[in-house]
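Right, one structure below, let's go through it.
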């Protein structure tokens with residue numbers, strides 16, 4: 232019976248303290264009864280392989296011991312949906328926006344090496360999320376074991392729910408791909424602008440110098456580029472809140488048009504110096520480059536307006552009414 | 476997939492029935508192995524990893540009482556229904572019979588018995 236002893240010893244180590252001896256005594260009796268039952272049927276003692284088969288059928292010691300544990304889960308089914316909701320709020324709606332809109336921009340703007348700071352900020356965000364998930368899980372695990380009476384999701388009054396509006400906006404949710412693209416574009420172009428902004432460029436002896444207006448508008452430009460991050464964020468988190476999205480977009484478009492207008496007003500945007508090249512040729516190059524920039528700026532303004540009109544029409548078109556009323 | 480689904484649903488269906496069967500069988504005193512055999516002999520086989528934790532839970536809930544006693548020169552733990560257990564068993568049997576009757580009417584496609592009873596407290 233050494234096998235049985237080994238089995239019981241293994242089970243015992245996984246049992247709750249204080250009940251170990253009691254459970255093992257009962258289990259030993261049960262196994263012994265089963266073995267005796269089989270032996271009396273066969274008319275001979277069981278061999279080691281047959282005893283091993285019986286024990287195998289009873290299950291792995293850890294599994295068997297686990298059945299006696301008071302609770303099999305960390306967070307039970309009653310609390311789990313609330314746990315998920317809290318995680319979503321804390322991690323996605325608080326932590327990420329705080330990093331993306333506050334911690335990150337401040338760290339990058341004041342850093343000596345913006346690209347390194349960006350990577351460090353992303354790493355800090357990931358670590359903060361891991362820590363937050365751990366803390367929230369711990370809190371809910373404690374709540375599961377020491378339940379409190381005032382669980383907000385259990386005590387509620389239907390009469391305190393907000394009234395259904397007489398009309399609801401006709402808002403098709405913004406596609407997730409659009410939202411992600413906006414977020415990525417804002418982060419990538421913002422980072423590039425921060426890391427590689429210069430006012431002079433050297434192309435093999437040809438020096439292109441940006442007019443002072445570009446340096447003066449650096450921060451407004453950065454703000455406009457980065458503003459697609461909150462727009463993408465709103466679209467990702469609340470895809471149906473198209474009005475909020477449009478509000479942000481209208482602000483961005485207005486800022487873009489203002490910047491374009493200020494730039495156009497400057498009249499000259501680049502200067503070119505190329506020692507060794509004929510002066511007349513350089514003047515022609517400056518003239519055509521500035522013309523190209525002017526056309527680009529005007530095109531940009533036209534596209535901004537043309538792109539905003541269809542969305543504005545969609546947002547402010549006739550609203551549909553609530554179609555699910557069962558009021559009597 | 477179907478076999479697995481069926482097995483899950485079967486276990487779900489059996490879970491409540493097992494409690495009823497154990498409580499009913501323990502109207503007479505049994506020790507663990509004898510209880511297992513008695514249930515299996517009546518077509519309600521239950522494996523030891525389910526039975527013993529269940530017995531402990533029911534005892535903690537006050538529905539069973541147990542006692543270690545020597546029988547045939549061996550120590551065995553005997554279980555029987557407590558007075559609270561008897562009361563609960565009767566209530567559960569009434570509920571079981573009501574469910575059984577309802578199911579039969581539903582499966583046979585019989586007409587409703589009475590008006591819909593709202594069980595929610597208003």
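Protein chains in written order, with my numbering: chain A, 232 to 559; chain B, 476 to 597. Backbone N, C-alpha and C define an ideal beta-carbon position, used for all residues, glycine too.
Can you find the residues in the same chain that come closer than 8 angstroms, C-beta to C-beta, to residue i, ignoring five residues on each side of it along the sequence?
| i | result |
| --- | --- |
| residue 537 of chain B | 557, 559, 560 |
| residue 183 of chain A | Within the shown structure, residues of chain A are numbered from 232 to 559, placing residue 183 of chain A beyond reach of any answer. |
| residue 559 of chain A | Since pLDDT at residue 559 of chain A reaches only 48, below the 50 mark, its modelled position is unreliable, and the value read off the structure follows with that caveat. Excluding sequence neighbours, residue 559 of chain A sits near nothing in its chain. |
| residue 352 of chain A | 330, 334, 335, 338, 339 |
| residue 513 of chain A | 503, 504, 505 |
| residue 320 of chain A | none |
| residue 458 of chain A | 417, 479, 482, 483, 486 |
| residue 536 of chain A | 484, 488 |
In or out: residue i buried (at least 16 other Cβ within 10 Å) or exposed?
| i | result |
| --- | --- |
| residue 418 of chain A | buried |
| residue 236 of chain A | exposed |
| residue 551 of chain B | buried |
| residue 526 of chain A | exposed |
| residue 261 of chain A | buried |
| residue 488 of chain B | exposed |
| residue 487 of chain A | buried |
| residue 508 of chain B | buried |
| residue 505 of chain B | buried |
| residue 460 of chain A | buried |
| residue 540 of chain A | exposed |
| residue 292 of chain A | buried |
| residue 369 of chain A | exposed |
| residue 527 of chain B | buried |
| residue 519 of chain A | exposed |
| residue 387 of chain A | exposed |
Just to confirm my understanding: we take residue i, look at its own chain, exclude 5 residues before and 5 after, and list those with CB closer than 6 angstroms. What are they?
| i | result |
| --- | --- |
| residue 348 of chain A | 338, 339, 342 |
| residue 394 of chain A | none |
Are residue i and residue j closer than 8 angstroms when you measure CB to CB?
| i | j | result |
| --- | --- | --- |
| residue 528 of chain A | residue 495 of chain A | yes |
| residue 524 of chain B | residue 298 of chain A | yes |
| residue 628 of chain B | residue 521 of chain B | Past the edges of chain B, shown from 476 to 597, lies residue 628 of chain B, and the structure says nothing about it. |
| residue 477 of chain A | residue 542 of chain A | yes |
| residue 442 of chain A | residue 501 of chain A | yes |
| residue 432 of chain A | residue 439 of chain A | yes |
| residue 296 of chain A | residue 242 of chain A | yes |
| residue 534 of chain B | residue 541 of chain B | yes |
| residue 456 of chain A | residue 420 of chain A | yes |
| residue 564 of chain B | residue 498 of chain B | yes |
| residue 410 of chain A | residue 467 of chain A | yes |
| residue 435 of chain A | residue 507 of chain A | no |
| residue 496 of chain B | residue 514 of chain B | yes |
| residue 285 of chain A | residue 267 of chain A | no |
| residue 404 of chain A | residue 509 of chain A | no |
| residue 497 of chain A | residue 444 of chain A | yes |
| residue 539 of chain B | residue 567 of chain B | no |
| residue 255 of chain A | residue 239 of chain A | yes |
| residue 531 of chain A | residue 491 of chain A | yes |
Taking the beta strand (DSSP E) that residue i belongs to, which residues open and close that run?
| i | result |
| --- | --- |
| residue 431 of chain A | 431 to 434 |
| residue 539 of chain B | 539 to 546 |
| residue 551 of chain B | 549 to 556 |
| residue 502 of chain A | 501 to 504 |
Excluding the five sequence neighbours on either side, which residues of its own chain have a C-beta within less than 7 angstroms of the C-beta of residue i, listed in chain order?
| i | result |
| --- | --- |
| residue 270 of chain A | 276, 277 |
| residue 371 of chain A | 306, 310, 314 |
| residue 462 of chain A | 413, 476, 479, 480, 483 |
| residue 571 of chain B | 495 |
| residue 544 of chain B | 551, 553 |
| residue 317 of chain A | 367 |
| residue 300 of chain A | 247 |
| residue 245 of chain A | 292, 293, 296, 297 |
So which residues of chain D does residue i contact, with C-beta pairs closer than 7 angstroms?
| i | result |
| --- | --- |
| residue 290 of chain A | Here chain D cannot be found, since the structure's protein chains are A and B. |
The alpha helix (DSSP H) with residue i in it runs from where to where?
| i | result |
| --- | --- |
| residue 535 of chain B | 523 to 535 |
| residue 437 of chain A | Segment 437 to 441 is the beta strand (DSSP E) holding residue 437 of chain A; no alpha helix (DSSP H) there. |
| residue 483 of chain A | 473 to 497 |
| residue 265 of chain A | 251 to 273 |
| residue 348 of chain A | 345 to 376 |
| residue 295 of chain A | 292 to 297 |
| residue 245 of chain A | Note, residue 245 of chain A: premise wrong, no alpha helix (DSSP H); not H, not E. |
| residue 283 of chain A | 279 to 289 |
| residue 468 of chain A | 459 to 468 |
Quiz item: Got a sec: which bits of the segment 253 to 279 of chain A sit with their beta carbon under 9 angstroms from any beta carbon on chain B, in order along the chain?
Solution: 253, 254, 256, 257, 258, 260, 261, 262, 263, 264, 265, 268
Quiz item: Which residues, taken in chain order from the segment 295 to 312 of chain A, show a beta carbon closer than 7 angstroms to some beta carbon of chain B?
Solution: For the segment 295 to 312 of chain A, which is checked against every Cβ of chain B, the residues closer than 7 angstroms are 295, 298, 299.
Exercise. Give the residues from the segment 553 to 568 of chain B that approach chain A closer than 7 angstroms (Cβ to any Cβ), ordered along the chain.
Key: none
Quiz item: Listed from N- to C-terminal order along the chain, which residues in the segment 506 to 521 of chain B have their beta-carbon within a distance smaller than 7 angstroms of any beta-carbon of chain A?
Solution: 507, 508
Practice problem: Return the residues of the segment 534 to 551 of chain B that lie within a Cβ-Cβ distance of less than 9 angstroms from chain A, sorted by chain order. | Solution: 543, 549, 550, 551
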